[in-house]
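The sequence shown lines up with residues 224 to 393 when you count with the numbering used here.
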Amino acid sequence: MIDQSRPTDNRPRTAPPPAAPRHTTRRPAPAPLPVPTAAPDWPSRWHLIIPASFRNQMAALGLWQNPVPLIPSDHLTQTLHVLERYGWARSLDFSPTGRMCIRGAQTLLERTGHVTPQARARAVDYMQQTLQEHGHHQPFFHWNDFQGREFQHVKNLITTSAHAARSNGE
Numbered sequence: 224m225i226d227q228s229r230p231t232d233n234r235p236r237t238a239p240p241p242a243a244p245r246h247t248t249r250r251p252a253p254a255p256l257p258v259p260t261a262a263p264d265w266p267s268r269w270h271l272i273i274p275a276s277f278r279n280q281m282a283a284l285g286l287w288q289n290p291v292p293l294i295p296s297d298h299l300t301q302t303l304h305v306l307e308r309y310g311w312a313r314s315l316d317f318s319p320t321g322r323m324c325i326r327g328a329q330t331l332l333e334r335t336g337h338v339t340p341q342a343r344a345r346a347v348d349y350m351q352q353t354l355q356e357h358g359h360h361q362p363f364f365h366w367n368d369f370q371g372r373e374f375q376h377v378k379n380l381i382t383t384s385a386h387a388a389r390s391n392g393e
């Protein structure tokens, strides 16, 4: 028996939006980016003697463990850690006491496999961009060597460049 007391409506009955249950699909969390180690140890004598091409062949055979190359933002962060650990220098890539300038720290990280040449070039681009935004139009390694330059200036340059690279997803 049909209830005749209610008017019939052909529209589908739905709940108002706030009362409707929400069906959300959970996406898997993105893979975390590799976190750069504070500063790598000075490379062993074998690491300095064996050419990179031979080390890469040995790594392909499982006889050598290369570090995971970092993206430009992490490379800049690790460059700063290297300078803090071994000391910052002006005018020399590597000083006799083991201190380094920015380019020397980047060279150390590239020779030990912590960064690819392409990622290092992108990191340099970010440093150059940061310098140009502040009115300096010379290469970063010349800027590093100016009289009166202090480590705090270098630290600010690298940190600002790393933030710019990270904001661009690199």
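C-beta atoms are modelled at their ideal positions from N, C-alpha and C, and glycine is treated no differently. Everything numeric in this text was worked out from a predicted model, so none of it was measured.
Under the 8 Å Cβ criterion, the region 279-296 does not count as touching the region 310-328, having fewer than three qualifying pairs. Annotated three-state conformation of Trp366 is helix, per DSSP. Closest option to Thr382, judged by alpha-carbon separation, among Gln280, Tyr309, His337, Gln351: Gln351. Beta-bridge partners assigned by DSSP to Phe317: Met323. Residue Ala388 holds the alpha-carbon nearest to the alpha-carbon of Ala344 among Ala388, Leu284, Met281. Around the beta carbon of Gly336, 16 or more other beta carbons sit within 10 angstroms, so the residue counts as buried.
Sorting Ser314, Thr330, Tyr309 by C-alpha distance to the C-alpha of Gly321 places Tyr309 at the top. Exposed is the label assigned to Ala283, since fewer than 16 other Cβ atoms lie within 10 Å of its Cβ.
Rounded to whole angstroms, the gap between the alpha carbons of Thr330 and Ser318 is 13 Å. Apart from the 5 residues on each side of it in sequence, Lys378 sits with its Cβ closer than 7 Å to the Cβ of Leu303 in its chain, given in chain order.
Asn391 counts as exposed, since fewer than 16 other beta carbons sit within 10 angstroms of its beta carbon. With contacts defined by Cβ atoms closer than 8 Å, Ala346 and Leu299 form a contacting pair. Leu380 is positioned such that its CB atom lies closer than 8 Å to that of Thr353.
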